[in-house]
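J.: Protein chains in written order, with the working numbering: chain D, 8 to 386; chain G, -7 to 157; chain F, 3 to 417.
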Amino acid sequence: MQKVGIVGYYQVKLYSDANYGRYEMIFEASRGALDKAGLKKKDISTVISCTNDYYDGRTISNCFTVEVGGGYMADESKVEMDGAHAVLYGLMRVLSGNHNLAVVWGGSMPSCYPYHTVRLYETDPTWERSLAYVNDITSAGFQMRAYMEKYGVTAEEIAKVAVKNKKNAAKNPLALKEAQLANLTIKDVLDSGTYADPVTELMVAPPCDGVAALLLAPEKQALKITDKPVWITGVGYNQDPYYLGDRDLSGCKSMNLAAKMAYGGAGITDPYSEIDVAELFESYAHEELIFAEELGFADKGKGAEINSVINGDLAINPSGGALGGNPPCATGLIRVIEAVKQLTGEAGQYQVKGAKRAVASGQIGMCAQNNILYVLEGN
Amino acid sequence: MIILIIIKNEIIMSEEKVIVANKGLVRADFAFWVGQYLDKFYDGLENKKIRGNKCSKCGDVFVPPRKICGKCNVVIPLEENWVDLPETGTIMNFTTTPYRVNDRSSRKTKDWTIGMIQIDGSNTSIIYRLLNMEPEDVKIGMKVKIEWNENTKGDPSDIKGFTKV
Amino acid sequence: MGRQVAIASAGFSEHASKRSDVSMPELVSEAIEDCLKNAPSVELGDIDAFVNGNMPAFEGSNIPELWMTDWMGARNKPLLRVTTGGTTGGTVAISGYYTVAAGLPGVDTVLAVAFEQQSQGDTSVGLASVAYGEISILNTLGIPYDQISRLLSAGAAIGVAAYQATTYMNKTKIKEEDLARVVVQNRRNAAKTWWAHLKMPNLTIEEVLDTPYVQYPLRYGMVCPASDGVCAMLFTTEEKAKNMCDIPVYVNGVASVANESAVLGYDGSGSAQVDPSMQLGAIRSSELAYKQAGISFPRKEIDYAEVYAPFPNQQLLWTEKLGLFEEGTAPAMHEAGVTDFNGELPVNCSGGVNATNAIGASAMERPAEAALQIMGKASNQVPKTVHTAIGSGWGGSLNLITLMAMSDQPKRQWR
Chain D
8 MQKVGIVGYY QVKLYSDANY GRYEMIFEAS RGALDKAGLK KKDISTVISC
58 TNDYYDGRTI SNCFTVEVGG GYMADESKVE MDGAHAVLYG LMRVLSGNHN
108 LAVVWGGSMP SCYPYHTVRL YETDPTWERS LAYVNDITSA GFQMRAYMEK
158 YGVTAEEIAK VAVKNKKNAA KNPLALKEAQ LANLTIKDVL DSGTYADPVT
208 ELMVAPPCDG VAALLLAPEK QALKITDKPV WITGVGYNQD PYYLGDRDLS
258 GCKSMNLAAK MAYGGAGITD PYSEIDVAEL FESYAHEELI FAEELGFADK
308 GKGAEINSVI NGDLAINPSG GALGGNPPCA TGLIRVIEAV KQLTGEAGQY
358 QVKGAKRAVA SGQIGMCAQN NILYVLEGN
Chain G
-7 MIILIIIKNE IIMSEEKVIV ANKGLVRADF AFWVGQYLDK FYDGLENKKI
43 RGNKCSKCGD VFVPPRKICG KCNVVIPLEE NWVDLPETGT IMNFTTTPYR
93 VNDRSSRKTK DWTIGMIQID GSNTSIIYRL LNMEPEDVKI GMKVKIEWNE
143 NTKGDPSDIK GFTKV
Chain F
3 MGRQVAIASA GFSEHASKRS DVSMPELVSE AIEDCLKNAP SVELGDIDAF
53 VNGNMPAFEG SNIPELWMTD WMGARNKPLL RVTTGGTTGG TVAISGYYTV
103 AAGLPGVDTV LAVAFEQQSQ GDTSVGLASV AYGEISILNT LGIPYDQISR
153 LLSAGAAIGV AAYQATTYMN KTKIKEEDLA RVVVQNRRNA AKTWWAHLKM
203 PNLTIEEVLD TPYVQYPLRY GMVCPASDGV CAMLFTTEEK AKNMCDIPVY
253 VNGVASVANE SAVLGYDGSG SAQVDPSMQL GAIRSSELAY KQAGISFPRK
303 EIDYAEVYAP FPNQQLLWTE KLGLFEEGTA PAMHEAGVTD FNGELPVNCS
353 GGVNATNAIG ASAMERPAEA ALQIMGKASN QVPKTVHTAI GSGWGGSLNL
403 ITLMAMSDQP KRQWR
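1) What did DSSP end up calling glycine 157 of chain F once you bin it into helix, strand or coil?
2) Measuring only between beta-carbons, confirm whether leucine 30 of chain G sits less than 7 Å from chain D.
3) Could you list which residues in chain F have their beta carbon closer than 8 Å to that of cysteine 57 of chain D, in chain order?
4) With a threshold of 16 other CB atoms inside 10 Å of the CB of cysteine 50 of chain G, please say whether the residue is buried or exposed.
5) Can you find a CB in chain G that lies within less than 7 Å of the CB of valine 211 of chain D?
6) So, is the C-beta of alanine 239 of chain D closer than 7 Å to a C-beta in chain F?
7) Below 7 Å CB to CB, which residues in the same chain sit around lysine 194 of chain D once its five sequence neighbours on both sides are set aside?
8) Which residues, taken in chain order from the segment 50 to 70 of chain G, show a beta carbon closer than 8 Å to some beta carbon of chain F?
9) When the Cα atoms are used, what is the spatial distance from threonine 161 of chain D to methionine 366 of chain F?
10) Restricting to Cα atoms, I'd like to know which of G/Ile83, G/Val75 and G/Asn94 is closest to serine 48 of chain G.
11) Using a Cβ-Cβ cutoff of less than 6 Å, which residues in the same chain neighbour lysine 177 of chain F once the five nearest sequence positions on both sides are dropped?
12) Kindly indicate the opening and closing residues of the alpha helix (DSSP H) around arginine 38 of chain D.
13) What's the call for lysine 85 of chain D, buried or exposed, on a 16-neighbour Cβ count within 10 Å?
14) Among F/Phe343, F/Asn40, F/Ala291 and F/Glu209, whose alpha-carbon lies nearest the alpha-carbon of threonine 404 of chain F?
15) Excluding five sequence neighbours on each side, which residues of the same chain lie with their C-beta closer than 6 Å to the C-beta of isoleucine 282 of chain D?
16) Quick check: what's the CA-CA separation for tyrosine 29 of chain G versus leucine 37 of chain G?
17) Do tyrosine 306 of chain F and glutamine 375 of chain F come within 7 Å of each other at the CB atom, strictly closer than that value?
18) Might you give, ordered along the chain, the residues of its own chain that have their beta carbon closer than 6 Å to the beta carbon of proline 385 of chain F, omitting 5 neighbours on each side?
19) Determine, for phenylalanine 154 of chain G, whether the minimum Cβ-Cβ distance to residues of chain D falls below 7 Å.
20) Nearest CA to the CA of threonine 338 of chain D: which residue from D/Gly90, D/Gly15, D/Asp60 and D/Ser68?
21) When you compare only the Cα positions, how much space is there between methionine 134 of chain G and leucine 122 of chain G?
22) Under a CB-based cut-off of 7 Å, is cysteine 374 of chain D close to chain F?
23) Can you pull the chain D neighbours of glycine 4 of chain F, defined as C-beta to C-beta under 8 Å?
24) Relative to chain A, which residues along the segment 64 to 86 of chain D have a C-beta separation below 9 Å, given in chain order?
25) Nearest-angstrom Cα distance between lysine 40 of chain G and asparagine 85 of chain G?
26) Could you give the first and the last residue of the continuous beta strand (DSSP E) run that contains tryptophan 140 of chain G?
27) With 7 Å as the C-beta to C-beta threshold (strictly closer), list the residues of the segment 72 to 91 of chain F near chain G in chain order.
28) Determine the closest residue to aspartate 21 of chain G out of G/Asp95, G/Pro56, G/Tyr34 and G/Cys61, with distance taken between C-alpha atoms.
29) Could I get the ranges of all uninterrupted alpha helix (DSSP H) runs contained in the segment 22 to 75 of chain G, with 4 residues as the minimum, in chain order?
30) Alpha carbon to alpha carbon, how far is alanine 228 of chain F from aspartate 204 of chain D? Give it in angstroms, no decimals.
31) Check whether the Cβ of glycine 113 of chain G lies closer than 7 Å to any Cβ atom in chain F.
32) Starting from alanine 51 of chain F, trace the beta strand (DSSP E) in both directions and tell me its first and last residue.
33) Can you tell me whether glycine 157 of chain F is buried or exposed? The criterion is at least 16 other CB atoms within 10 Å of its CB, across all chains shown.
34) Determine whether the beta carbon atoms of valine 359 of chain D and lysine 171 of chain D lie at a separation below 7 Å.
35) With isoleucine 371 of chain D as the anchor, note down where its beta strand (DSSP E) starts and where it stops.
36) Specify the secondary structure class of methionine 151 of chain D as computed by DSSP and reduced to three states.
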């Protein structure tokens, strides 16, 4: 695969109820990314946005965001999944040779819509939806229980992930304030109230307002724009069947296959030793463990044994991950940005020392039905 | 299904003071075609019967029935491979939650327990309430059976939930 | 660099105002079956990746590609969802192209599916929801909602298109009869297209004009229907396409350049796009796509065009904006028969969007039909040999465009 570099990025600070409108947020992110790279509007070749009509409460959610996203009179399109999937489409456009600089932005404002209700609209309307027994809340409970039952993983081990990520978020100035919990304990997490047993409230990535943007450029141009481009060396994406009963919820086959595709492209054969840091979109604490196993960082059921703190053996979510704030349509894009920051040495207080190769993931759908994984390398 | 859209406009000046607020409701009704396979299934439910269909290639039995077997990528013909299934099943998974979600809002109230139940003879799970069971007593692998609604209408609510066998 | 991409097949489901016999996933699987029927050497298992899109407001289902995974044959395959409102079909087709052009390892053959089952929802509510946010700001200035929606008519609904029609009519001095003539041509063509919706082989101009106005100058008889239907296209590499079909259709140019939203602007702040018939995005898209495709004289080099025209004025407008005819000359060309079935540059012989509009699918049906004309497999196949064709899409708040330029030769070149 020819080299495409991430040459700029910007993430707005996450708020549970941001005191500004969506257009300002989008402009701040898109303009911020261009400014960071020292580029201008006229340098933009293509723009891929990521919004969701149901989250925005309007259909064709991209048509009014054209100007603020930088897409005016640019070849633009929109992906309706996670922001990380929008990065894929931007990547494809650059790889095709038709485009050079691509702006990819995505985000939404859950403060403006009833989150769980809108997630309910993802369900099968001809069978499951009217009773609403399957929704994003109950599916979390099913997934965690399946994982614990199969491998004997304890709630404490899972709560430990939440503790780690919330503490990491406290070091990340852009994370959601309510998620920045530097003194959180395992007991706090277990006692935080039932969400969907055995999932507790603090194990759940909190939806919040946010937008992020990043810039992609082909190799030659990337090297002109910055001396620290981060190369995308592999990408994989995959979608599981829809019905929860059709899947083995103790694992995540789509993540496994996405990883195979990405590792194949990047030439990775021993992920645990070759990868220095992982930024994974974990909707719940237990998903981080499931994903770590599917990514080959540990055997099945042994994800909790990985030393995944910031300067541990393989740092996972040093930024706090989605547990540090989940702005739908931006979360996976932010994971990519956070991985980029690790590789350019710009991660401040949560920098993993000497990080050279990273993975970043995004997801969409109940129990992570569709996953996308990037392998990224510093210059 | 109704989409509730509240159009609320506030012009905020230097102190947070609502100058104009405009609330309204836009009604958007949806009616979903279930297709002929589910149509037969719902006819079955109305008669308190569970009918699934079977993929002739891999032998998987689907409840509710499907046109396409996802594993094999083959069409299961509409008039063939129907399977009558019992009212009993096994709990494959369960969760207890205080949350209720509907097409307008979500709220927290009393706990209820939802199970993923595999009907005996089928290869997938259906998701319904577990009735007359304390959450502590629910175990994966437990045998359960359907409790039907008195008056069936040919829709998913005909199954009230599952109780212990 | 990228690689040549070919279309190996295209397929449709039957379109109707109510496809009540099927659920949405089943409707989608019909078009996929038809698409693969036209490429008999390809099985669902041979598809490396999928792209999917619709306009989700119409069915009350968010990200429905998740639900319909198995019906598409996409279980544990790569899948991307692209949606852009009225141009969705076109952007899904374009992303199908890009997925192949990107050359990701193991991704050579891509199935792109665009669909809509509008009968499940309320089309006018779905369309109006494009700009509720913008309209509501005008409420605060004391203008009641229904007055706004009649005056400005936000979104891709008839209202804003009516402005586009009046500005175009003002420039070209055409009359309503000219609009009705386009409608008659479309609906008679649709009668020969197996999957089309409004099949009216004997429609006359008088019958079209004898209907009440929806909004001047557009009458009920002139506007597109709301249809349920699906379109699927198979994209693959140059090498593989040769084994899949007799005449692979090469995608030589793609563009989707956006303008700012028309008239209303965002947040009701107004827009510099005050003349919606200018369509700078279409002009720029055709510049980009034709340059990629090596087309210097579109009027001469393009043999066939499917342009996205739910309203008849747009068929005339797009043929100008997309460089097929000089500004203001499309009505004369149309009247002279240049765009007829056996004309020099046939346009919309499938009946176009005016006869069939499943909104999520219709912008894909344009390049799909154009590709089929090149392959010689279209339902209403024109008598002349088609080497080069275009398919366009339009939507948004009059600001989104898609364009795909195709030919039977791989012409895409990179410097």
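Glycine included, every Cβ here is placed at the ideal spot set by N, Cα and C.
T.: By the coordinates alone:
1) Residue mapping note: residue 157 of chain F aligns to position 155 of the third sequence, counting from 1. Residue placement at glycine 157 of chain F is flagged as unreliable, the pLDDT there being 39, under the threshold of 50; the coordinate-derived value follows with that caveat. When DSSP states are grouped into helix, strand and coil, glycine 157 of chain F belongs to the coil group.
2) Residue numbering aside, residue 30 of chain G sits at position 38 when the second sequence is read from its first letter. Taking 7 Å as the CB threshold, leucine 30 of chain G lines the interface with chain D.
3) Walking along the first sequence from the start, residue 57 of chain D turns up at place 50. What cysteine 57 of chain D touches in chain F: nothing, since even the nearest Cβ is about 10 Å away.
4) Position 58 of the second sequence holds residue 50 of chain G. Its Cβ having fewer than 16 others within 10 Å, cysteine 50 of chain G is exposed.
5) The residue you call residue 211 of chain D lines up with position 204 of the first sequence. Chain G contact via Cβ: absent.
6) The residue labelled residue 239 of chain D in the question sits at position 232 within the first sequence. The amino acid occupying residue 239 of chain D in the given sequence is isoleucine; alanine does not appear at that position. Taking Cβ atoms only, chain F never reaches closer than 7 Å to isoleucine 239 of chain D, which makes this a no.
7) On the first sequence, position 187 is the one that residue 194 of chain D refers to. Nothing meets the Cβ criterion.
8) Arg58, Lys59, Ile60, Cys61, Gly62, Lys63, Asn65 and Val67
9) As a working note, residue 161 of chain D is residue 154 in the first sequence. As a working note, residue 366 of chain F is residue 364 in the third sequence. Roughly 50 Å between the two C-alpha positions.
10) Position 56 of the second sequence holds residue 48 of chain G. With distances taken between Cα atoms, serine 48 of chain G lies closest to G/Val75.
11) If you number the third sequence from 1, residue 177 of chain F lands on position 175. Correct list: empty, nothing qualifies.
12) Taking the first sequence and counting its residues from 1, the one referred to as residue 38 of chain D is at position 31. Element bounds for arginine 38 of chain D: 29 to 43.
13) By one-based count along the first sequence, residue 85 of chain D stands at place 78. Flag for lysine 85 of chain D reads buried.
14) Reading the third sequence from its first residue, position 402 is the one you call residue 404 of chain F. Selected option, being the one with the closest Cα: F/Ala291.
15) Taking the first residue of the first sequence as position 1, residue 282 of chain D is located at position 275. In its chain, beyond the 5 residues on either side, Arg364 and Val366 have a beta carbon closer than 6 Å to the beta carbon of isoleucine 282 of chain D.
16) To locate residue 29 of chain G, count along the second sequence from 1; it is residue 37. To locate residue 37 of chain G, count along the second sequence from 1; it is residue 45. Approximately 13 Å, taken between the alpha carbons.
17) By one-based count along the third sequence, residue 375 of chain F stands at place 373. By one-based count along the third sequence, residue 306 of chain F stands at place 304. For glutamine 375 of chain F and tyrosine 306 of chain F, yes; Cβs fall inside 7 Å.
18) The residue you call residue 385 of chain F lines up with position 383 of the third sequence. Residues Asn344 of the same chain have their beta carbon placed closer than 6 Å to that of proline 385 of chain F, with the five preceding and five following residues left out of the count.
19) In the second sequence, the residue the question calls residue 154 of chain G occupies position 162. No, because no Cβ of chain D sits closer than 7 Å to the Cβ of phenylalanine 154 of chain G.
20) For this step, residue 338 of chain D is matched to residue 331 along the first sequence. Nearest of D/Gly90, D/Gly15, D/Asp60 and D/Ser68 to threonine 338 of chain D, Cα basis: D/Gly90.
21) The residue you call residue 134 of chain G lines up with position 142 of the second sequence. The residue you call residue 122 of chain G lines up with position 130 of the second sequence. Each residue's Cα considered, the two are about 11 Å apart.
22) Here the question's residue 374 of chain D lines up with position 367 in the first sequence. For cysteine 374 of chain D, the answer is no, since every Cβ of chain F falls outside 7 Å of its Cβ.
23) Here residue 4 of chain F refers to the residue found at position 2 of the third sequence. Those are Leu102, Ser103, Gly104 and Asn105, listed as they occur along chain D.
24) Although the question refers to chain A, the structure presented lacks it and instead comprises the protein chains D, G and F.
25) The sequence position of residue 40 of chain G within the second sequence is 48, counting from 1. The sequence position of residue 85 of chain G within the second sequence is 93, counting from 1. Roughly 24 Å separates the two Cα atoms.
26) As a first step, residue 140 of chain G is located in the second sequence; it is residue number 148 there, counting from the start. Element bounds for tryptophan 140 of chain G: 135 to 140.
27) Answer in chain order: Asp72, Trp73, Gly75 and Arg77.
28) In the second sequence, the residue the question calls residue 21 of chain G occupies position 29. When only C-alpha atoms are compared, the closest one is G/Asp95.
29) 27 to 38
30) Residue 204 of chain D sits at position 197 when you count from the first residue of the first sequence. Residue 228 of chain F sits at position 226 when you count from the first residue of the third sequence. The straight-line gap from Cα to Cα measures roughly 45 Å.
31) Here residue 113 of chain G corresponds to residue number 121 of the second sequence, with the count starting at 1. Interface criterion not met: the Cβ of glycine 113 of chain G is under 7 Å from no Cβ in chain F.
32) Start at 1 with the first residue of the third sequence, and residue 51 of chain F comes out as number 49. In the DSSP annotation of this structure, the continuous segment of the beta strand (DSSP E) that includes alanine 51 of chain F starts and ends at 51 to 56.
33) One-based indexing of the third sequence puts residue 157 of chain F at position 155. Low confidence applies to glycine 157 of chain F: its pLDDT is 39, below 50, so where it sits in the model is not reliable, and the reading given next is rough at best. With 16 or more other Cβ atoms within 10 Å, it is buried.
34) As a working mapping, residue 359 of chain D is identified with position 352 in the first sequence. As a working mapping, residue 171 of chain D is identified with position 164 in the first sequence. Not a contact, by the Cβ cut-off of 7 Å.
35) The residue labelled residue 371 of chain D in the question sits at position 364 within the first sequence. Residues 364 to 371.
36) As a working note, residue 151 of chain D is residue 144 in the first sequence. It is helical.
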